[in-house]
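For reference, the structure discussed in these notes is given below.
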Amino acid sequence: MQWDASDYLSPWSRKYNLWLLTFGGHNGETRKIHWINWRKLCKPKSQGGMGFRDLQAFNLALLSKQLWRIISNPDSLLSRVLRAKYFPDGQALLAPAGRNPSYTWRSIQAAQQVVRGGLRWRICSGRSVRIWGDPWIPRPFSFSVLSSPNAASPDMRVCDLIDATSKKWNHGLLRELFWQEDIDAILAIPLSLIDGEDFFIWHHTSNGLFSTIWKANVPSKIRVFIWKVAHNAIPTGRNLLQKLRFESPVCPLCCSEDEDVDHVFLRCPFARQVWALSHLPWALISGFFADSCSWVEHLAKSLPTEDFDRFLTICWMIWWNRNRALMERKYFQADELLSFALNYLTSFQQISVSPGRLPLMPSPSRWSPPERSVVKLNFDGATFASSSEFGLGVIARNSFGECIGWKAVRKKGLHKPEMVEAFAAREAILLARRFSWKEIILEGDCATLYFKLSSSQPDCSDSGTITRDIKFLASGFDSCSFSLIRRTGNKAAHCLARQASSLASEGDYLPPLLSAYLLSDED
1 MQWDASDYLS PWSRKYNLWL LTFGGHNGET RKIHWINWRK LCKPKSQGGM GFRDLQAFNL
61 ALLSKQLWRI ISNPDSLLSR VLRAKYFPDG QALLAPAGRN PSYTWRSIQA AQQVVRGGLR
121 WRICSGRSVR IWGDPWIPRP FSFSVLSSPN AASPDMRVCD LIDATSKKWN HGLLRELFWQ
181 EDIDAILAIP LSLIDGEDFF IWHHTSNGLF STIWKANVPS KIRVFIWKVA HNAIPTGRNL
241 LQKLRFESPV CPLCCSEDED VDHVFLRCPF ARQVWALSHL PWALISGFFA DSCSWVEHLA
301 KSLPTEDFDR FLTICWMIWW NRNRALMERK YFQADELLSF ALNYLTSFQQ ISVSPGRLPL
361 MPSPSRWSPP ERSVVKLNFD GATFASSSEF GLGVIARNSF GECIGWKAVR KKGLHKPEMV
421 EAFAAREAIL LARRFSWKEI ILEGDCATLY FKLSSSQPDC SDSGTITRDI KFLASGFDSC
481 SFSLIRRTGN KAAHCLARQA SSLASEGDYL PPLLSAYLLS DED
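Position one of the sequence shown corresponds to residue 1 (the UniProt record's numbering), numbered consecutively onward.
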């Protein structure tokens, strides 16, 4: 009998998982080394796993997707049929099984708990969301307010907390109704300048170290290898000693000390020679970290993308050379290894561009003037964690490179960098609207925001509230385009954002102290 895992609960998925626990663990009579447990391997790549399918969880995930479609597409035929019988009040997440439910509904209902664990409202108007009970606070895992419900107003909506004129949170009312922890969380929710419908979004997103590793432009075998390094799951001498009572854990290259991950890539004299020739920042690479995962994570955040790709490839080659020395008694010298590694990476990247698909054009590193009659507005954001504030900077220039408008704003709140950049972009287009410019270019250094603004797809993330405003306001200009530039060409806007605390103003001509940054953008 065949089962569709996306529509029904599969009865064999748990048994198949139990079989996989032993699959690959034996080779005839010989038991293989289990470096990492099965549950960790089944974690998504974004969470540090290998993305292997736990079929029981996979079955439930597909059913969750069906439930998500029912919620997000209430006018679909499936949603209308199920709503008529099982949840006439429209609350698919809370609907019980009912009397004599179909196997389809029982299967979908099994995913309710999974979906409730990550679903919350994104606030636009706030009219559809109840303050007490509905999941709308961007704080796992309940997404609900912690404060005690107001007995006098049990049915209050989120729109009651928003000033209809200024489109800002009503601070006085917030202080009356909520504890400080809730107030801080609510103030972190961005509000739209235009009216719109509230809708559900999925709170959990993929980000962080392991997303960076899996997106690196290197061969898959190198990405898998670095994943193993981050989990200390490579057969170094010390690891083999712990697993197999290996005779000697000493490094086969230098024979001077026990071999662990730190020694292989940092302390071994051979590795140090390679890094010295690589022109990668040794002080950054050789810093002290609690474990190998922290080491790779720090370099993923600190190194430019091209340098991080080189770092990954060199690490893989160092390990390959170590194995060659151990098994074949042959090995590369440091300069030979580095040359081979860089040539290998270059060759891979040259042939890895899909046929018929052009590679992304690199963003310019120097500011360039717009065409005549067009105004280019550069924007940037800066966070001040010590004071729980952030700064926004905008500078507008004409085709001669002259500053014809600027703005520096300081606001309260702690947001992710992408959100701060979105706030800065909105301030830029509001400045252009205030000056009544007709043709504009919005230019920033945040690639993620650039792709969201350039895409025709709706942005369902938290920053989507702001990007929706920007796209709506952009439609009011004769022409409005978006441009991406490197940070080296966006220094003037960045300086305004950093100086927002002392400036916190706007004008036509830039203050003398900041005039030098106009030239530095073009250098």
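Don't be surprised by glycine CBs; every beta carbon is placed ideally from N, CA and C. Predicted model only: the values in this text are computed from it and were never measured.
**Asked** Alpha carbon to alpha carbon, what distance is there between R116 and L82?
**Response** Numbered from its first residue, the sequence shown carries residue 82 at position 82. Numbered from its first residue, the sequence shown carries residue 116 at position 116. Cα-Cα distance, rounded: 18 Å.
**Message:** Taking a contact to mean a Cβ-Cβ separation below 9 Å, would you say V261 touches N217 in this structure?
**Reply:** Along the sequence shown, one-based indexing puts residue 261 at 261. Along the sequence shown, one-based indexing puts residue 217 at 217. Not in contact: V261 and N217 (Cβ atoms no closer than 9 Å).
**Message:** Give the list of continuous beta strand (DSSP E) stretches no shorter than 3 residues that lie fully inside the segment 191-236.
**Reply:** 199-202
**Request:** May I ask which residues mark the beginning and end of the beta strand (DSSP E) holding F311?
**Result:** Here residue 311 refers to the residue found at position 311 of the sequence shown. Element bounds for F311: not the beta strand (DSSP E) but the alpha helix (DSSP H), T305 to E328.
**Prompt:** Can you give the beta carbon distance from E336 to V375, rounded, assuming they're within the 8 Å contact cut?
**Reply:** In the sequence shown, the residue the question calls residue 336 occupies position 336. In the sequence shown, the residue the question calls residue 375 occupies position 375. The pair is not a contact, with the Cβ atoms about 54 Å apart (cut-off 8 Å).
**Per-residue burial, I318 [other beta carbons within 10 Å of its own, 16 or more giving buried]** = Indexing the sequence shown from 1 puts residue 318 at position 318. Buried is the call here.
**Asked** Is it the case that the Cβ atoms of G391 and G507 are separated by a distance below 9 Å?
**Response** On the sequence shown, residue 391 is found 391 positions in, with the first residue counted as 1. On the sequence shown, residue 507 is found 507 positions in, with the first residue counted as 1. No, the Cβ-Cβ distance between G391 and G507 is not below 9 Å.
**Request:** Keeping to the same chain, check which residues put their C-beta closer than 8 Å to that of L358; ignore five residues upstream and five downstream.
**Result:** In the sequence shown, the residue the question calls residue 358 occupies position 358. With a pLDDT of 40 at L358, under the threshold of 50, the predicted position of this residue should be treated as unreliable, and no value is reported.
**Request:** Give the C-beta separation of I186 and L174 to the nearest angstrom, bearing in mind that I take them to be a contact with Cβ-Cβ under 8 Å.
**Result:** Mapped onto the sequence shown, residue 186 falls at position 186. Mapped onto the sequence shown, residue 174 falls at position 174. Their Cβ separation, rounded to whole angstroms, is 6 Å, which keeps I186 and L174 in contact under 8 Å.
**Message:** I need the DSSP call for T465, collapsed to helix, strand or coil.
**Reply:** One-based indexing of the sequence shown puts residue 465 at position 465. In this structure, T465 counts as helix in the three-state DSSP scheme.
**Message:** When you compare the CB positions of Y344 and L253, do they come within less than 9 Å of one another, or not?
**Reply:** Here residue 344 corresponds to residue number 344 of the sequence shown, with the count starting at 1. Here residue 253 corresponds to residue number 253 of the sequence shown, with the count starting at 1. Contact flag unset, no.
**Element boundaries [beta strand (DSSP E), containing L503]** = Stepping through the sequence shown from its first residue, residue 503 is reached at position 503. No beta strand (DSSP E) holds L503; DSSP gives it neither H nor E.
**Asked** Which residues mark the beginning and the end of the beta strand (DSSP E) in which E257 is found?
**Response** Here residue 257 corresponds to residue number 257 of the sequence shown, with the count starting at 1. Per DSSP, E257 belongs to no beta strand (DSSP E) and is neither H nor E.
**Distance between P219 and I71 (C-alpha atoms, nearest Å)** = The count along the sequence shown starts at 1 and reaches residue 71 at position 71. The count along the sequence shown starts at 1 and reaches residue 219 at position 219. Taking the straight line from one Cα to the other gives about 39 Å.
**Prompt:** For N59, does the three-state DSSP call read helix, strand or coil?
**Reply:** Your numbering for residue 59 matches position 59 in the sequence shown. N59 falls in the helix class under three-state DSSP.
**Request:** Along the alpha helix (DSSP H) that carries D182, what are the first and last residues, could you check?
**Result:** For this step, residue 182 is matched to residue 182 along the sequence shown. Here the alpha helix (DSSP H) through D182 covers Q180 to L187.
**Message:** Rounding to the nearest angstrom, what Cα-Cα distance links W105 and V114 in this structure?
**Reply:** Residue 105 sits at position 105 when you count from the first residue of the sequence shown. Residue 114 sits at position 114 when you count from the first residue of the sequence shown. Spanning the two alpha carbons is a distance of roughly 15 Å.
**Item:** Buried or exposed (CB count within 10 angstroms, at least 16 for buried), D459
**Value:** Taking the sequence shown and counting its residues from 1, the one referred to as residue 459 is at position 459. Classification for D459: buried.
**Request:** Check whether the segment 195-202 touches the segment 121-132, taking contact to mean three or more Cβ pairs, one atom from each stretch, closer than 8 Å.
**Result:** yes
**Prompt:** Near A230, what residues of its chain come up, given a Cβ to Cβ distance below 7 Å and the 5 sequence neighbours on each side ignored?
**Reply:** Locating residue 230 in the sequence shown gives position 230, where the first residue counts as 1. Excluding sequence neighbours, A230 sits near S292, C293 and V296.
**For K416 and G444, the rounded distance between their alpha carbons** = Taking the sequence shown and counting its residues from 1, the one referred to as residue 444 is at position 444. Taking the sequence shown and counting its residues from 1, the one referred to as residue 416 is at position 416. Cα to Cα, G444 sits roughly 16 Å from K416.
**Request:** Select from A164, S278 and L326 the residue whose C-alpha is nearest the C-alpha of T236.
**Result:** Here residue 236 refers to the residue found at position 236 of the sequence shown. Nearest option by C-alpha distance: L326.
**Prompt:** When you compare each of K167, D309, D469 and A500 to F384 by their alpha carbons, which one comes out closest?
**Reply:** Position 384 of the sequence shown, counting from 1, holds the residue named residue 384. For F384, the nearest C-alpha among the options comes from A500.
**Request:** Note the first and the last residue of the continuous alpha helix (DSSP H) segment covering F340.
**Result:** If you number the sequence shown from 1, residue 340 lands on position 340. Taken as a continuous stretch (DSSP letters only), the alpha helix (DSSP H) holding F340 covers A334 to I351.
**Message:** Closest to A110 by C-alpha separation, out of L94, C480 and I183, would be which residue?
**Reply:** Taking the sequence shown and counting its residues from 1, the one referred to as residue 110 is at position 110. Measuring from the Cα of A110, the nearest candidate turns out to be L94.
**Request:** Kindly give me the distance between the Cβ atoms of L449 and A422, rounded to whole angstroms, as I take these residues to be in contact under 8 Å.
**Result:** Start at 1 with the first residue of the sequence shown, and residue 449 comes out as number 449. Start at 1 with the first residue of the sequence shown, and residue 422 comes out as number 422. The pair is a contact, with the Cβ atoms about 6 Å apart (cut-off 8 Å).
**Prompt:** If you draw a straight line from the C-alpha of N150 to the C-alpha of S166, how long is it?
**Reply:** If you number the sequence shown from 1, residue 150 lands on position 150. If you number the sequence shown from 1, residue 166 lands on position 166. Whole-angstrom Cα-Cα distance: 25 Å.
**Message:** Taking its Cβ as the centre, do 16 or more other Cβ atoms sit within 10 Å of P96, making it buried, or is it exposed?
**Reply:** Taking the first residue of the sequence shown as 1, we reach residue 96 at position 96. The residue in question, P96, is exposed, as its Cβ has fewer than 16 Cβ neighbours within 10 Å.
**Asked** First and last residue of the alpha helix (DSSP H) that includes G172?
**Response** Taking the first residue of the sequence shown as position 1, residue 172 is located at position 172. Unbroken alpha helix (DSSP H) run through G172: H171 to L177.
**Item:** Cβ-Cβ distance between A188 and L414 below 9 Å
**Value:** Here residue 188 refers to the residue found at position 188 when the sequence shown is read from its first residue. Here residue 414 refers to the residue found at position 414 when the sequence shown is read from its first residue. Yes, Cβ-Cβ distance for A188 and L414 is below 9 Å.
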